[in-house]
Every structure is written in C-alpha cells, then in structure tokens.
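> Would you mind keeping the following structure in view while I ask a few things?
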Amino acid sequence: MFSADTYIQRRQQLQGKVENGLLLFLGNEESPMNYTDNVYHYRQDSNFLYFFGIDKPGMAAVIDLDSGISTLYGNDISLDHVVWMGPQPSMQELADQVGAQTAPFSNLETLLKDVHGKRKVHFLPPYRDANTIRLANWLDISLPDVATQHSEDFVKGVINIRSYKTAEEIVEMEKALAITAEMHVTAMRMARPGLTEANLTGAVHGIAVGGGGNLAYPVILTVNGQTLHNHYHGNVLKSGQLVLGDFGAETDTYYAGDITRTFPVDLTFTDQQKAIYQIVLNAEMGAIEALRPGVTYREIHLLAAKIITRGLKDIGLMKGDVDAAVEAGAHGLFFPHGLGHMIGMDVHDMEDLGEDLVGYTDEIQRSKQFGLRSLRLGRELEEGFVLTVEPGIYFIPQLMDQWEAEGKHTEYINFDRLIDYRDFGGLRMEDNLLITADGSRLLGPPIPKTIDEVEAIRRKGMS
Ligand code: GLY
Ligand code: MN
Ligand code: MN
C-alpha cells in the first residue's frame, strides 16, 4: 500500500467535490464458492482501496464532510480467531496506516440510524448483493431503490480523481505490466501442437500469482479468438491455428495490466495470417501514434477502424469508399468491439461507477451503432489517463452468415471472398498507454509484437 499521506490527500481531494453529509464506503466481504467457509479469492473493493487502503473483509468507512473526519469501521479479532488466522494488526494500527480514526463496526449502523432523515448519506452503486442488502437495511430503502439512489456527486467526484493516475500509481502499473509481459512471453514460448489451452492458461496464471498478486481478470487464451470473451480452455492446439491470449496480472497493490497478443501454434504465421496480423498491427500503431490530450478516444477508434477497413480493402475483403464504409459501420463485421477503455485498479477502470460516466460526457455520447456502441471510452483524452489500445479482426461465421443473408453493407463487403476465412478465428493486439502532455507513453516492457518478433520468440521456444 501507499503511505498514509497518499490516502489522506486523496480523501481531501474528494471532500472538495461533494458538498455535505457523509460519504459511506463499503468494503467487500468474503464470497462463498460452494459453502460458507470455502471462498473465492478475496478482492477488496477498488474505491475502498483507493481511499482507505485496507485489504480486508469486515470493513467500512465514512468521511464526514462537515467535520472532515475519516473513520474506519471494523472489529479487532479475538484470540479464537488468532488460532486460525495468526496474529493480525489491530484496527488502530490499520487506521493509522491510512491516517483515519477507527470505531467498532456496530457503531456504523448506530451512526446511520442517528443521521437518518437529518443528513445526506452518499453511497456508490453497489455491485455485490451483500452490500445492496446492507445499504437497504441501514439506510431504510427498498432493495430495488438502492440501484437508483446512489449519489451522483460522489460517483463523479471519485471518477474525477481516479481518472488521473499519479506517478506512484504509474510505478505500480509498470510492475503489473512487467509480470504481464512475463506471462505473455511464457505462453508464446511454450505453445506447441498437442498442448492444451489449459496447459498454457495454468502457466500464465501461476506467473500472475507468483508476482505477488493475482490475475487482473479471467484469462482468455484460445484458438477460437473470434469469440470475444472466450473462457473455455479445453481445446488442444493444432498446427495451422492461431492462439489469442488476452490476460494480465494484478499487483499486490491492486493495479492491473491488460495485454493481448496473438501468435501461431506453428513457429511461423501462414501468409493469410500475416496479412491480417499486419493490418491489426498497423491499426494499433496508427492509433497509438495519434494519442494525445485534446483528441477524443472516439476519433482514435474511428481512425483504427479506417486503417482496418483500408487493409481489408487492400486484400479484397472490403470495397468502396473507406470513410463511407466506416461511417456506415460496415467494418463492424470484422471489428465489432471498442478500441479500448480506461485501466487502473480495475481492468475496466471504475466500471462499477457507470461505464458512461467514466467514458463519456454530455458532449460526447455513446453511439447506438453496432461496433461503435461497444466503445467504453469516447471522451476527450487528458494527461494522466491510462487506457488500452486493442484493435482486432475477427471472422465470426454466424455473424458473416447473418449479414450476408440480410444483404447488409453489400456495397462495402465482398461476402463471396469470406469463404476462405471461415476457420481463421480472431486476432487482437492490446497495449496499455499513459497519456502524456504531448502524446503517450507505452507502459511496461516491450512484448514481441511485430511478425518478425513473434516468429523469433516462437522459434526460441522454451530453450
Ligand atoms: N481483457 C478484457 C479487455 O481487453 O477489455
Ligand atoms: Mn484485454
Ligand atoms: Mn482491454
């Protein structure tokens, strides 16, 4: 964790963004897998971590906006617990680490009942049922109303602070990416026909855990990259296939890496794979080149879409005017997702607070068009943002069949040429970038990316 000063400063910044009342932070509890004591890997809430730093269940916190006092609520453990859990820091020691006061957990419920109807209690939108139920009980609101009664000022204040990464956060993100790079290089060196997706997944998961933290999100490692969120790992790798790996580590300080690479099961790409790979690489590099404060990420997304469309036109899969094709959304057949998203303590940073509040503004609103509507970040870029750039090209047989049957975008798509690509799969490339004063900086160590670099590491194998 960071020093107490960091947490104190963050809370002071937040206090300046909401007028009065109490800011209530709920930590996460353990989450049972199949019976109460057999739990999923514990993950504290990111907002709680950001402002109060303590990575333990059984915690909540309040900032009193009128007195300026921050209180961490929780209970000291008993000797019985010490037998099972070992010695633990006291609540006073934990509170001192983040510059807060402390009080027993039950005092929180008493406080909330006392202020009911008298002072505004601001809370963030809960994403776990246990916290929804607690809010309903403590604040005397019906369960369905919890979803609509969170505090917009609180949400906007948190987004406004967490969107700008500080130097000490960037250090942690670089650490996440160093571990993530090792995961990707290992998968690229290890792959060979006969191994399963699960063999590679186990290896990269182990590296994430070995790095002191865990996975930042469930591993996508698949020979069916055309299925965007494919978490099945049961296939055997076969010669001729591509492996799409989208995975990253979370550090012991809860910062995420989110990287994608695609490589051949064989030691080299086929000519067909090379052609598609180079288009995606051009789109990724073109987009990265254009990043700077003042441009909207929607413009960058559309730039990548145009590079993809031009590339697909060059190899005969698309046709017609590139700008008009992108305006019409025809490229969405091959690139049906957004170019990227904010990243930080959450892989899709702050998405619990509302995707559109993080990624859009009153001026830049989310599109309804297929493909563009999946862009999570559309707003103008600012120095200090950290985001992903992740273009891809996918051949999704069901989607190609449907668009062809509907005669959709026939002026821009050569459907008769797609027959040769039905088994191609999908190809994506993803890196994490910090927006700087005059451009951007790639975070983390370089990971093989050009065709030559990828083939070189494939040849090197595990030797
Ligand atoms: N790892 C999911 C994504 O790239 O957004
Ligand atoms: Mn990813
Ligand atoms: Mn991503």
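The opening residue of the sequence shown carries number 9 in my numbering; numbering runs sequentially from there. Backbone N, C-alpha and C define an ideal beta-carbon position, used for all residues, glycine too.
In chain order, what residues of the same chain have a beta carbon less than 7 Å from the beta carbon of Lys321, not counting five sequence neighbours either side?
Lys327, Val330
> If you count every other CB in all the chains shown that lies within 10 Å of the CB of Arg449, and 16 or more means buried, which is it?
exposed
> Any contact of the segment 330-340 with the segment 367-382, i.e. 3+ C-beta pairs under 8 Å?
Yes, since at least three Cβ pairs between the segment 330-340 and the segment 367-382 fall closer than 8 Å, the two stretches touch.
> In the structure shown, what three-state DSSP assignment does Gln17 receive?
helix
> Can you tell me where the alpha helix (DSSP H) holding Ser54 begins and where it ends?
54-60
> Just how far apart, CA to CA, sit Gln373 and Ser382?
12 Å
> Sorry if obvious, but does the Cβ on Asp254 come closer than 8 Å to a heavy atom of ligand 3?
Distances from the CB of Asp254 to the heavy atoms of ligand 3 include at least one below 8 Å.
> Quick one: what's His130 bridged to in DSSP?
Leu31
> Excluding sequence positions up to five away, which residues of its chain have a Cβ less than 8 Å from the Cβ of Glu182?
Leu451, Gly452
> So what does DSSP say about Arg384, is it helix, strand or coil?
coil
> Determine the burial state of Val251: buried for a count of at least 16 other Cβ atoms within 10 Å of its Cβ, exposed for fewer.
buried
> Answer yes if the segment 253-273 comes into contact with the segment 171-185, meaning at least three C-beta pairs across the two stretches below 8 Å, and no otherwise.
Flag = yes, the segment 171-185 and the segment 253-273 touch.
> Which of helix, strand or coil does DSSP assign to Asn440?
It is a strand residue.
> Can you tell me whether DSSP reads Ala333 as helix, strand or coil?
helix
> Closer than 8 Å: is that where the CB of Ile351 sits relative to any heavy atom of ligand 3?
yes
> Hey, would you say Leu80 sits closer than 9 Å to Thr110, going by beta carbons?
In this structure, Thr110 lies closer than 9 Å to Leu80 by Cβ.
> Measure how close the beta-carbons of Arg425 and Leu325 come, nearest whole angstrom, since I'm counting them as under 8 Å.
5 Å
> Using the C-alpha atoms, what's the distance from Gln20 back to Ser75?
12 Å
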